[in-house]
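Number of protein chains: 2
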Amino acid sequence: MSWQTEALKAKTILQNSIPKEWLLPVNKLPPPDQKNVLDFPRTCGLLNDKELSITDMSATALVAGMGAGILSAEEVVAAFLKRAVLGHQLLNFATEFMAEKAIVRARELDAYYKRTGKLVGPLHGVPISVKEHIGIKDLTCNAGYVAWVNDIAPEDALILQCLHKAGAIFHVRTNQPQSLMHLCCSNNLTGTTTNPFNRSLSPGGSSGGEGASMGFKCAPLGIGTDIGGSIRAPAAFCNAYGFRPTMRRNPCLGIKAPEPGQEAILGVVGPLAAQSIDDLELFQRAVLDAEPWDIETSLVPLPWRRVKENREFTVGIMWDDGLVRPHPPITRALEAAKSQLQAAGIKVVDWEPYKHAHGWDIISKLYYPDSAASQKHLIAQTSEPTLPLTSWAFSYAHPTPFSIAETWALNIARDKYRDEYHALMKTQGVDFILCPAYVGVAAALGEAQYWNYTAIWNILDLPAVVFPSGMKVEDEDLSHVEERSGWKARSEVEAREWRKWWVDPGRFLGAPVGLQVVGRHFKDEETIAAAKTPEAEMANKLLTSEMELASSNVRIPEMDQ
Amino acid sequence: MSWQTEALKAKTILQNSIPKEWLLPVNKLPPPDQKNVLDFPRTCGLLNDKELSITDMSATALVAGMGAGILSAEEVVAAFLKRAVLGHQLLNFATEFMAEKAIVRARELDAYYKRTGKLVGPLHGVPISVKEHIGIKDLTCNAGYVAWVNDIAPEDALILQCLHKAGAIFHVRTNQPQSLMHLCCSNNLTGTTTNPFNRSLSPGGSSGGEGASMGFKCAPLGIGTDIGGSIRAPAAFCNAYGFRPTMRRNPCLGIKAPEPGQEAILGVVGPLAAQSIDDLELFQRAVLDAEPWDIETSLVPLPWRRVKENREFTVGIMWDDGLVRPHPPITRALEAAKSQLQAAGIKVVDWEPYKHAHGWDIISKLYYPDSAASQKHLIAQTSEPTLPLTSWAFSYAHPTPFSIAETWALNIARDKYRDEYHALMKTQGVDFILCPAYVGVAAALGEAQYWNYTAIWNILDLPAVVFPSGMKVEDEDLSHVEERSGWKARSEVEAREWRKWWVDPGRFLGAPVGLQVVGRHFKDEETIAAAKTPEAEMANKLLTSEMELASSNVRIPEMDQ
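Going line by line, the protein sequences match chains A and B. For the first sequence, the working numbering begins at 759 and goes up steadily by one. For the second sequence, the working numbering begins at 759 and goes up steadily by one.
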């Protein structure tokens, strides 16, 4: 059987699952060359005003509305389903809709509320989109590989069980790249997902379907996974919120991926949110309040702590990772964050990156200790084409599998690096690091090659929140081309990443700028709480007065600094 | 250079370190064929009455005494140093004395107390013996390998730093077997350590020097390590207390062992105690109150919880692991424990072992994923002889190193087994498992081959306490030889282990019987608290009326049950 025939099964499942009543005819859709489609839900007529309002609400607000009896779970899930169908037509982000089951569940929740006057749990009626490789009982789970197109999940992934218990509704499953190891989102089953801010840009990856889902507001919350930036890049590329928890906190049972049993560097599962950092916290609290460690014993039995927001902390700003300087819009956002944090009375210092090349050296080796043999074998099984960014990721692999002794040496190097970095943050009194989430804004499709603004925190196993800075690529970002002449790349990698900008910065106009707040190991709760400060400051000062900001004199530092 | 010349360096360090003023001339020592030497401290005249009393006290009592100004740290450490020198002459358990430094430290503590009226910390003035491979700054650290005889530790192991901060004094370092993988204690550097209850028996291993130290009361507390029973076998063999914590709680930085970076099955470091379970808790509290995870970031940041003792729990008694039935004295002790627990109002049920052969299959493979190449290489470096129990342990290794994929499969099998076992304890409502600590009492020297009454809890990563049952091998244990005819071993392994008993049960007369209490994953605090109940019940009912018990009608179950 050809790989195309196999792959078609995934498309068929998807097509059959789309609620036909909400599909718009193709001639009512924006033309394929219309890049920004954010406004379409408002203009297309599919969603009424209440549905538009609902899909603009945070999970926290929705639960409050349902708790007050103002909203029903059914109308909430229906609104997001409609928007998700629309989003899929524009962005190709879904792998399967679960509309009927979602509506049935919503009615159950409404009935429960009517009967008892109470909510089922803290996520009562909240629609959540789910990255495809997070297994759902009796549904296929392909994890982006044609070879797995027929695999059926025997039960719901444990994290879904926890969220279900809290009242969540899963209405749509979302796309991921082949191998799960692109910071973009393309595979041979579902094709390519695009970015709602600009459809010639990537929604990020590997949780790219989630990025699109959040950016287009197809759900207030989504679930992604992250072993090198796969939650955070999509969040940053799509103007959304994303959280990478410390390893062994969120449950991973029932998530399908290549290399099961590989544990030298663990992927994590965590939330993306369309509207607020509070929603990230809501998600985490619901998951950990279910005590998943009492089933998945490799988890750490650390309950989710309720921490109070405070402003008694020090933020170290990392302007540059010492390897690849971020593009101008990112630096501009960091500058703005700095002045707004300072104005808010937060102590801000500079953070010098500590051996990030060394960190990348370790983690890139840990990704494929078997020389990517298991993944290559999966691809070879059906002869599906190896996509360019898959080859790119596989190029991290050592030509031959590591010996047992070599894997041990990498573990030691990893732990030593973690201990050193932790000690450095302590001695410098830095509680959180504010830094880019990526070298630039959303990459052009197929161009996301530089992982180390996110992967570094995976090798260090530090919790990290991505949030929208409220800023977008503006004309002023484009006007600094003259600096090009005075600037010398430190390496071919840096030159490569900057060519992507200089070749035509106009490609990125309107793309949102996400930033990243990183906390100390296992300080997940504090990191989420702390990220609210720059987020709120930037949202207040920027979003609400975007015009003012656009004309402000925020300085872009010289390229040769 | 010959390995003998190299090995001699360790002996020289040891000889030079022994405080000569407390050495007894050989003709004042018991004859080499005197097996039980427990009484010698009382009869030899080296220790005065106060010193004898001090060395009979628990760490908890000693700290109370020092806190009340009744005892000085100097007299405490001097008493234990004397007893340790004596113990070493009889049992060959030490690798190095640190008398001078210990006395200096004791004086500092006394001065501090005199100045402030306060104790330095919860372990103020408590002498602790330390297994040799736990590094001490500027001292050699050979971990039982001649190849490492010249290695100098660059700093104190982190656990020693924590204990030092709490006021502990390290006065003697203790012996371990070649490869650290015997349940006995013999190497080519220090020779063989013996059991103070019977010098033809093993003190257990690999923390065998610690077993002897506790059994002879050379310290109230000791530090051992355990990857298959290495804390618990010595505790059981030597009538002492031992605790195997859940992995990633106690700090391991600075502990030298082969296979650094191997993490599929982690060794743990933990306490042994001569006098009480309370001392195990005292040790753990002191270590974790120092928050070692803020330095060694691979640790789990779980503070040591203060739990209250209660009797609202269910104990499952595991009479037999389904593979090798324990010897008669062990079964007799379990029977006694059962009736005493029931009399104390504790709910007691039977616990059926769940796939212990499978558990052993996994852990024995995880011990040597590189086919023991790294250890064999260490031995080959100096051509020191491979001792029989080293060969025995190496025989667990697969003939060739595992592939990366094979190691991943083992990790998956391990986690699945852990989850299943945990679920089984939950569904059966069993909070703690009471079971043998070994197939028999202290093994004859060189005969300890069956690991799975302890190693099973390593692969499951469950916390486990070993405590003395208060019982010893009695004449009545020897009188059941008639059962031999009706009994068929289930396997060659079981036959082998029973031959060791039947060949001459009299070899074990007077050997103490230890038992083991196992709790759930990360329930370290509860496990220590729960172990106090059987311990106290057995101590009350047995030790204080030993004669009565000896003549009681405790039933030994039929062999063919």
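Note that beta-carbon positions come from the ideal geometry of N, C-alpha and C, so glycine has one too. Treat the numbers as computed from the prediction; the structure is a model and nothing was measured.
In summary, the residues of the segment 1009-1026 of chain A whose CB is separated from some CB of chain B by less than 7 Å are E1017, P1018, G1019, Q1020, E1021, in the order they occur in the chain. Contact between K1096 of chain B and I981 of chain B fails: their C-beta atoms lie close to 32 Å from each other, not under 8 Å.
DSSP places V834 of chain A inside the alpha helix (DSSP H), whose first and last residues are 831-849. Take V878 of chain B, set aside five residues on each side of it, and the residues of its chain with a beta-carbon closer than 7 Å to its own are L867, Y870, G925, in chain order. Taking a C-beta cut-off of 9 Å against chain B, the contacting residues of the segment 1048-1072 of chain A are W1051, D1052, I1053, E1054, T1055, S1056, V1058, P1059, L1060, listed in chain order. Residues T1072 of the same chain have their beta carbon placed closer than 6 Å to that of G1187 of chain B, with the five preceding and five following residues left out of the count.
When C-alpha distances from L804 of chain B are compared across B:M815, B:P783, B:E1205, the shortest belongs to B:P783. Taking a cut-off of 8 Å for Cβ pairs, the segment 942-957 of chain B and the segment 1191-1203 of chain B touch, as three or more such pairs fall below it. Annotation: Cβ neighbours of R1176 of chain A in chain B (cutoff 9 Å, chain order): T1055, S1056. Residues of the same chain with a CB within less than 7 Å of the CB of A1289 of chain B, apart from the 5 flanking positions on each side, are I1035, V1223, F1225, V1275 in chain order.
Non-local beta-carbon contacts of R1006 of chain A in its own chain, meaning distances under 8 Å to residues more than five positions away in sequence, involve L1024, S1056, L1057, V1058 in chain order.
In this chain, E1255 of chain B is not harboured by any beta strand (DSSP E); it is covered by the alpha helix (DSSP H) spanning 1250-1260. Closer than 9 Å at the C-beta level to chain B, one finds these residues of the segment 1138-1170 of chain A: P1159, F1160, S1161, I1162, A1163, T1165, W1166, A1167, L1168, N1169, I1170. Residue pairing by DSSP puts I1013 of chain A in a beta bridge opposite A:I892. The beta strand (DSSP E) runs of length 3 or more contained entirely in the segment 882-930 of chain A are, from start to end of the chain, 885-889. Assignment of I1214 of chain B by DSSP, reduced to helix, strand and coil, places it in the helix class. C943 of chain B has its alpha-carbon roughly 7 Å from the corresponding atom of S960 of chain B.
At a Cβ-Cβ threshold of 8 Å, L1092 of chain B and W1077 of chain B count as neighbours. Pairwise C-beta distances place the segment 1202-1213 of chain B out of contact with the segment 1280-1295 of chain B, as fewer than three of them are shorter than 8 Å. For I1075 of chain A, the uninterrupted beta strand (DSSP E) run begins and ends at 1072-1075, by DSSP. Here Y870 of chain A carries a helix assignment [DSSP, helix/strand/coil]. For A1102 of chain A, same chain residues with a beta-carbon under 6 Å away, outside a window of 5 residues either side, are E1295 in chain order. Contact annotation: A911 of chain B and G893 of chain B have beta-carbon atoms nearer than 8 Å. Against chain A, the beta carbon of F1280 of chain B has neighbours under 9 Å at W1051, T1055, V1058, P1059, listed in chain order.
Annotated as distal: P1221 of chain A and T932 of chain A, with beta-carbon spacing of 8 Å or more.
When DSSP states are grouped into helix, strand and coil, F1280 of chain A belongs to the coil group.
Look at S1132 of chain B: its C-beta is under 8 Å from a C-beta on chain A.
When secondary structure is reduced to three states using DSSP, V1027 of chain B falls in the strand class. Here the alpha carbons of L916 of chain A and T818 of chain B stand approximately 44 Å from one another. Not one beta carbon of chain A lies nearer than 8 Å to the beta carbon of D1189 of chain B.
Contact annotation: in the segment 1108-1134 of chain A, residues whose CB is within less than 8 Å of a CB in chain B are P1127, D1128, A1131, S1132. Rounded to the nearest whole angstrom, the C-alpha separation of L979 of chain B and L766 of chain B is 29 Å.
For D909 of chain B, no chain A residue has a C-beta closer than 9 Å to its own C-beta; the minimum C-beta separation is roughly 16 Å. Apart from the 5 residues on each side of it in sequence, D1235 of chain A sits with its Cβ closer than 7 Å to the Cβ of P1086, P1087, R1090, P1263 in its chain, given in chain order.
At a cut-off of 8 Å between C-beta atoms, D868 of chain A does not count as an interface residue with respect to chain B.
Counting only the Cα atoms, R1176 of chain A lies some 41 Å from T813 of chain A.
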